[in-house]
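First residue of the sequence shown: 9, per the numbering used here; consecutive thereafter.
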Amino acid sequence: MKLKPDAPSTATVYCWFVRFAKGYFSLDEAVETRRRASTETVVVLAAVESDPTKSVRDVEMEIGIPKSTVHRVLKRNGLVSKRPRTIRGPL
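Listed below in structure tokens is the structure:
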């Protein structure tokens, strides 16, 4: 059976089915699709705002969130992770 070119895709029909199962019986009803800021995002941004000189590892140790998550949160919010300093010369 060949569908017409203007027929909805299988994925669209599946989304409609899920919406109907949740009680949304009209396709005109707006459903909130935007993701809310996670708790991790709020905590990481608060830690960085309290002391902007902290490195990703400092934030990781302080709040217990993996450094990959800390880096991702910083990147998504337009912030740059602090680079580690190299000490040159004899110690």
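We put the CB at the ideal spot given by N, CA and C, even for glycine.
Candidates the options: which alpha carbon is nearest residue i's?
i	options	result
residue 57	98, 17, 87, 32	87
residue 50	25, 26, 78, 28	78
residue 73	48, 26, 24, 36	48
What is the DSSP secondary structure of residue i, reduced to helix, strand or coil?
i	result
residue 84	helix
residue 71	helix
residue 28	helix
residue 96	coil
residue 11	coil
residue 34	coil
residue 2	With the chain running from 9 to 99 in the structure shown, residue 2 is simply not present.
residue 46	coil
residue 63	coil
residue 76	helix
Assuming residue i contacts residue j under a Cβ cut-off of 8 Å, what Cβ separation, rounded to an integer in Å, is found between them?
i	j	result
residue 75	residue 65	6 Å
residue 55	residue 67	5 Å
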